[in-house]
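*Asks:* Just so you know, the protein sequences line up as chains X and U, in that order.
Numbered according to the UniProt record's numbering, the first sequence spans residues 1 to 196.
Numbered according to the UniProt record's numbering, the second sequence spans residues 1 to 196.
Glycine included, every Cβ here is placed at the ideal spot set by N, Cα and C.
2 protein chains.
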Amino acid sequence: MANDQPLTKEAILEAAEQVLRRYGPEKTSVVDVAKALQVSHGTLYRHFPSKVALREAVTERWLLRIAKPLEELASQPGGSAGDRLRTWLQALIQSKRKHVIEEPEMFGMYSAVTLEAVDMITEHVQHLITQMTGIIEDGVNSKEFRSDGEPEAMARAIFFATTRFHHPAHAYEWSSSTIEQEFELVWELILSGICK
Amino acid sequence: MANDQPLTKEAILEAAEQVLRRYGPEKTSVVDVAKALQVSHGTLYRHFPSKVALREAVTERWLLRIAKPLEELASQPGGSAGDRLRTWLQALIQSKRKHVIEEPEMFGMYSAVTLEAVDMITEHVQHLITQMTGIIEDGVNSKEFRSDGEPEAMARAIFFATTRFHHPAHAYEWSSSTIEQEFELVWELILSGICK
């Protein structure tokens with residue numbers, strides 16, 4: 001990017017992500033990103049005062065990239081709410097799995113940042129739970145789902161009950177040959193519970 | 001321990017654990033444990049050829065220490081199977097939480113070892129699932145639980161659905177003020193599912 005073009009946040013983040021991808025999260029500095037953008041590091045420091053701030057912003061953008069397509073999926077009405085919920089959950093799981101396989105180093109950085117940046121991850125989780133809540137409300141309205149529970153509380157419970165399949169801390173288990181089968185077991189449990 | 005006493009595996013592990021606790025996992029070597037036992041390091045190396053082998057053995061003993069009291073709990077008959085299952089799960093969760101609070105450094109070592117020693121953790125999980133399976137079988141027999149599922153598959157599903165509350169990777173979330181409430185949500189979901 002030339003010096004005379006406006007330096008948008010989006011342009012910085014795009015450049016930062018490319019530089020992080022090229023040099024790896026350990027070796028990338030704010031100065032490297034400034035160089036890639038052909039701006040002074042002073043200019044860049046005004047936007048991102050530290051390497052940590054830069055990494056957080058790139059991670060936040062990644063989380064949005066995960067949540068966006070899911071939002072479209074969640075807002076598509078019609079069909080069984082159970083099927084929609086399952087499709088939504090599997091899209092979330094596939095999205096995380098794709099990232100860990102295709103870009104393990106970046107995924108490692110994202111995971112590390114989300115452990116530190118508590119507010120960011122809380123907001124992301126709330127975003128996802130709100131999407132699921134919409135699907136569950138539809139299922140309650142169509143009498144497919146129980147109506148004695150609070151839809152948001154049910155969404156939260158389902159999000160936590162499927163932690164093993166979408167939380168980055170479990171990425172090392174996702175290549176297991178039994179992981180799909182294990183998701184199936186948990187999904188059946190979520191749908192039907194254990195009580196008669 | 002004096003040189004003329006028999007060197008049992010248990011005595012070595014007890015000494016190793018104490019030394020690890022005193023010096024920390026990073027600084028403890030096989031030689032330190034040999035010194036504490038007043039034996040030559042050659043003698044100790046015959047039992048544990050490396051620091052890794054020693055750590056694994058100490059971790060395996062820790063996992064047994066978690067599983068044993070739960071086994072007693074699981075084998076106590078009588079009462080509602082739902083209550084017994086909940087009590088069992090909470091005992092598992094409390095046991096992990098107690099370790100992370102009282103001995104964070106040892107807990108960190110145990111967690112790191114369990115990530116590497118796949119067979120050891122598979123065996124531990126199977127041990128726990130077998131215990132839960134017994135409770136679920138009782139619940140199916142007493143018609144409290146659904147009988148259309150395989151009890152072991154249900155136990156496995158419940159173990160995975162509660163991952164967030166007992167898996168060491170989530171220890172950083174256990175001090176959250178909402179964690180009990182979140183367990184409650186997942187527990188309700190496990191009991192009743194979402195379908196009518």
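1. Compare the Cα-Cα distances from U:E105 to each of U:A171, U:L37, U:L7 and U:Q38 and report the closest residue.
2. Comparing the CB of U:H47 with every heavy atom of the ligand ZN, is any distance shorter than 7 Å?
3. Could you tell me the distance, in whole angstroms, from the CA atom of X:Q131 to the CA atom of U:E182?
4. Got a sec? Which residues, its chain only, sit under 6 Å from X:M120 by beta carbon, not counting five neighbours each side?
5. What is the rounded straight-line gap between the Cα of U:Q94 and the Cα of U:E180?
6. How would you write the range of the alpha helix (DSSP H) that U:W187 sits in, first residue to last?
7. By alpha-carbon positions, which one of X:A16, X:P6, X:R22 and X:E26 ends up nearest to X:M109?
8. By DSSP, does residue 206 of chain X sit in helix, in strand, or in coil?
9. Would you say U:H47 and U:L92 are within 8 Å of each other, going by their C-beta atoms?
10. Name the two residues that bound the continuous alpha helix (DSSP H) containing X:F160.
11. Would you mind working out which of U:A157, U:I135 and U:I194 sits nearest U:E72, comparing C-alpha positions?
12. Name the chain X residues whose beta carbon is nearer than 8 Å to that of U:Y172?
13. Measure the beta-carbon distance from X:H41 to X:V31 and round it to whole angstroms, keeping in mind my assumption that it falls under 8 Å.
14. Tell me, which residues are paired with X:F145 by DSSP?
15. Check the Cβ of U:A153 against every Cβ in chain X and list those closer than 7 Å, keeping chain order.
16. Measure the C-alpha to C-alpha separation of U:G24 and U:I101 and round it to an integer number of angstroms.
17. Alpha helix (DSSP H) containing X:T87: first to last residue?
18. Assuming U:V58 and U:A16 make a contact with CB atoms under 8 Å, what is their CB distance in whole Å?
19. How many Å lie between U:E88 and U:S75 at the Cα?
20. Determine the burial state of U:V39: buried for a count of at least 16 other Cβ atoms within 10 Å of its Cβ, exposed for fewer.
21. Residue range of the alpha helix (DSSP H) that X:E60 falls in?
22. Does the separation of the CB atoms of X:T43 and X:A34 fall below 8 Å?
23. By the criterion of Cβ-Cβ separation under 8 Å, what are the contact partners of U:R156 in chain X?
24. In chain U, which residues lie with their C-beta within 7 Å of the C-beta of X:E56?
25. If we cut at 8 Å on Cβ distances, does U:R164 have a partner in chain X?
*Replies:* Reading from the atomic positions:
1. U:A171
2. This structure lacks the ligand ZN, and indeed carries no ligand of any kind.
3. 18 Å
4. E60
5. 11 Å
6. I179 to S192
7. X:E26
8. Examination of residue 206 of chain X is not possible in this model, given that chain X is present from 1 through 196 alone.
9. no
10. P151 to A161
11. U:I135
12. L115
13. 5 Å
14. U:C195
15. L185
16. 16 Å
17. A81 to E102
18. 5 Å
19. The amino acid occupying residue 88 of chain U in the given sequence is Trp; Glu does not appear at that position. Rounded to the nearest angstrom, the two C-alpha atoms are 10 Å apart.
20. buried
21. K51 to S75
22. yes
23. E182 and L185
24. In chain order: nothing, as chain U lies at least about 17 Å away.
25. yes
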